[in-house]
Structure formats: C-alpha cells, structure tokens
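All remarks here apply to the structure that follows.
Numbering (full-length UniProt numbering), first residue to last: 1 to 491.
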C-alpha cells in the first residue's frame, strides 16, 4: 500500500529514518538513499480501539562518498527497517470524531514529545519501558519503532489472561513508569501536573452530561445491568431489583477514583492497561534456576537479583546467538530443562494517561488480566512484587531514596484496599469491549453507523449481549467480574 494512503509522504519517511539512525546508532547526520517503502495493515482484526495500526517497511542504502547511485547499488548493502504507525481512523468518521473529542492522539503526542523523554532521562541505566516515537504528524499520526523487530510481542490466544510470569514482568514495567514519575517530582520539587500543565487532563472518565465518554459510560452501565439479569444466581434472586438499582452508582464511582487523590501519593498513570497494551520479550531460562520471585516479593533462591544495566550487558552479549537460534529455542521450550520465559515488558498506548495513585494502574492490570481463582492464590505476591520493584528503582535512581519515605507500606496497603473496587470497575468497562470476539469487535468498528450505534444507542446492547449469549469465554469472564462486583460491593 502506498504510504500516501494514510498521509505519509516521502519527506516524512526520510525524517523517520533519520531519527531511527540517530537513536539506534547515535549518528546525527547519517546519509542514506531510500530504495523502496510501503505500508501494510498490522492485521485485519482490531488490536486496539482508538486508532488504526500499520507497519511501514523501508528499504534503504547508505550513501557512499564519491560513489554514483549506480555504484552504490552495486556495492552498498541494502538495509530493511520496520516502523509501527498509529493513525486516526478517518475512514470511520464517527470513530475518528470520538477519538478527536477525547483528545487521545493529542495527549499521546504531547507525552511522547515532552513528558516521556524527561521520565526516561531520570531512569538512565535502566532499559526504556516504552517504545521510541520517531515522528508525529498533526494530531493524527505517530510513528514508533516496531517492537516486534526488537523481539517483543503481545500475548495472544490466552483469553486476555496473563499467567504469573507475565504479570510479574508487566508490574515491573509499570513500577518503572511510576518510579520515574516520583523521581522527577522529587528532583524538581514540582508535581507532574505543574511541570506539564494541561497534558494529563482526564479524557476517559469525564463527568459531563454532554461529553461522549459520559454517554458511553451510561450506555455501558445499561449493558452490565442486562448481563446481571442473565446470570442465573441473580436472575432467580428476590434482590435482583435492589442490585440493579445500586449498580449505576457503584460504577460511577470511577469518576472519583480517576482523579488525583488528596490522600494518597499520585504518579503518572498509564490509564489503559489491558492485555494488548503490554508487549513482552522472552528468553530461554533453565527451569531449575528460574525461581522468579518468592512470596515476600524478593528474588527466589537460585536466581540472583540483577540490575537493568547488568541484564542489558548480558542481553547484548547473547543477542546474536539469540537471533540466530530463535527457532531452535522455541523447540527447546518444550523440554523439561528450559522454558521460554518473559523477561522484560514495554508499555504501549498512552492515550488515556492520567495523574492518580499508582495502585489504580496496578489493580487495573491485575483485575483485567487474571481470573478470580488466580488472584486468590497470587494477588498478595504480585502486590509485593510491584512494591519491592518500586522500592529498588527509587533507591537506585534517586541517591538511595527509600520507598518508605515516599509511599510508606501502610499507605500502599491502604491504597490497595481502597482502589480494589476501581480495578474491578475498570475491568468491566474495558472488558465488555476488549473481551468481545474478534468478529464482533470488527463489526463494531467497520462503519460509522455501527460505531455510533454502539456508542450511543442500541448497538452496544445488541453486540455485547449477543456475545454474552453465544461466546462461552466472553460470558464466563464477564459473569465472573460482575459476580465479584455484586457479591463484594453491592449485595
């Protein structure tokens, strides 16, 4: 596909490549000649709901001094670079209008231009916790490094659930984001919203009757109530009417949860932590020494704790071998002695970022990406892992700062208790969309009429309740979350 189809012209592509060369090779004035370029859709099914996603594939040759283009073609090696492109879906005007009204692209572009570089600067010595953005165009397009080319991938075919190893690594990445926010504030003696005024205005939960997000939330509440009516436990209950009467007020508490807290310490929150917004890198780990993290949140016996810098040196040493032997490693993953294990994660998609207590992010990820039975067994361990990682990062990144001085353990535990409901509400508001079968999600996004109906009218009930009736996984996940909401916070 011609890149101009999505609004990329050749000069834009040249700028992307220049920034890539400067970033990856530390060369400010790298000379090159574009050989060819094209864009292609990332995939036919939706991988996100607030943008269209493409790959930009570029072939180039380095310019050779005193060589003609013909000689360069003969002697210079051709190089391939892949970029990830996110664009406002102009072909679905109602969806594009929705994204623009929310200010999703504007927020993410501002963060990548001004906020994230500052956060990365205070975390020198650790690996980046986000992809690099190389180019933006207006408030409609962002071009990133293609993390897949760097060995990262999203987790697929797991019903949007993450196992313990994936959640551990994801929480460590979230802790990096939060630690960088805290360190920047401590060094500058200024809260993030004052450093970057207007950048983190709430755009997901806007309590304004005319705002598209409030219309969307009220529509979602109706759908959740209809689902509760279809759960046998409540359908036969003489308290059904009482439950349905209380649900809206409980869900609307998310408006207060999403605000900066006057009680707990706030940080830059990601704000949109569902399964597809965390990408993982894997390594083959001997199962005999991959003890991971023990119940107290410390490295288990048999595996020493290492810094990001030490991990990076080891990764660089093994990079060539890892690439060359990737296929054989996958084969070895089935052996008893080795295991393909997530070792690092990066967070993508900052369109809904906000300033709020860190546990809001923690709870959203855990609640949306795990089952109730899993949480009964592993929740406290995961909460410990996050807090321990946050403490380690603060100590190494801010002159021995102790986490107890910034977020005392008692305050963290109190915040975890307070925001448990927030995580559950977010999991329902995200999940009734992100858990939809792919064909249902695709139908919702394929035309302005379908999307507008889903947003404002009967379309959401038709699609979501249809999936609830017909898709066992969707029904099971939504029923479990709704049951937890009713039993713990309503009934």
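Backbone N, C-alpha and C fix where the C-beta goes; we use that ideal spot for every residue, glycine too.
For residue 450, no beta strand (DSSP E) segment is defined; the enclosing uninterrupted segment is the alpha helix (DSSP H) at 448-456.
With a minimum length of 4 residues, the unbroken runs of alpha helix (DSSP H) contained wholly in the stretch 5-69 fall at 10-25. Between residue 9 and residue 54, the beta carbon gap of about 15 Å keeps them out of contact (Cβ cut-off 8 Å).
Exposed is the label assigned to residue 197, since fewer than 16 other Cβ atoms lie within 10 Å of its Cβ.
As the crow flies, the alpha-carbon of residue 144 is around 16 Å from that of residue 107. Within a 10 Å sphere around the beta-carbon of residue 43 sit fewer than 16 other beta-carbons, which makes this residue exposed. Restricting attention to 477, 435, 438 and 425, the CA atom closest to the CA of residue 488 is found in 425. Excluding five sequence positions before and after residue 172, the CB atoms of its chain that fall closer than 6 Å to its own CB belong to 389, given in chain order. Put simply, of 126, 377 and 254 the residue whose alpha carbon is nearest the alpha carbon of residue 346 is 126. Restricting attention to 129, 25, 21 and 176, the CA atom closest to the CA of residue 395 is found in 176. Non-local beta-carbon contacts of residue 247 in its own chain, meaning distances under 6 Å to residues more than five positions away in sequence, involve 225 in chain order. The Cβ atoms of residue 187 and residue 406 do not sit closer than 9 Å to each other. As a beta-bridge residue in DSSP terms, residue 281 pairs with 152 and 344.
Close CB contacts of residue 103 within its chain, under the 7 Å cut and outside five residues either way in sequence, are with 203 (chain order). Looking at the DSSP output, residue 136 sits in a beta bridge with 142. Across the structure, residue 131 and residue 184 are spaced so that their CA atoms are roughly 20 Å apart.
In this structure, DSSP gives residue 338 an extended state, which the three-state scheme calls strand.
Within the same chain, and ignoring the five residues on either side of residue 231 in sequence, the residues whose Cβ sits closer than 6 Å to its Cβ are 479.
Membership of residue 354 in the beta strand (DSSP E) is indicated by the continuous run 354-356. DSSP places residue 80 inside the beta strand (DSSP E), whose first and last residues are 78-87. The three-state reading of DSSP puts residue 260 in coil, since its state is none of H, G, I, E or B. In the three-state reduction of the DSSP assignment, residue 273 falls in the coil class, being assigned neither a helical nor a strand state.
Rounded to whole angstroms, the separation of the alpha carbons of residue 370 and residue 380 is 13 Å. Here residue 423 has 363, 364 and 367 as same chain residues with Cβ atoms under 6 Å from its own Cβ, once five neighbours each way along the sequence are excluded. Within 10 angstroms of the beta-carbon of residue 153 lie fewer than 16 other beta-carbons, which makes it exposed. Under DSSP, the beta-bridge partners assigned to residue 267 are 356. Cβ-Cβ separation between residue 94 and residue 468: approximately 24 Å, too far for a contact (criterion under 8 Å). A check of alpha carbon separations from residue 217 across 444, 429 and 490 identifies 429 as the nearest.
Excluding its 5 nearest sequence neighbours in each direction, residue 415 has C-beta neighbours in its own chain below 6 Å: 264, 357 and 359, listed in chain order. In the DSSP assignment, residue 165 falls within the alpha helix (DSSP H) that extends over 164-188. The residue from 243, 169 and 344 with its alpha-carbon nearest to that of residue 483 is 243.
Collapsing the DSSP output to three states places residue 248 in a helix. Using a 10 angstroms sphere on the CB of residue 159, the tally of other CB atoms stays under 16, which defines it as exposed.
Leaving aside the five residues that flank residue 233 on each side, the residues in its chain whose CB is nearer than 8 Å to its CB run, in chain order, 483. DSSP places residue 236 in no alpha helix (DSSP H); its state is neither H nor E. Less than 9 Å divides the Cβ of residue 118 from the Cβ of residue 195.
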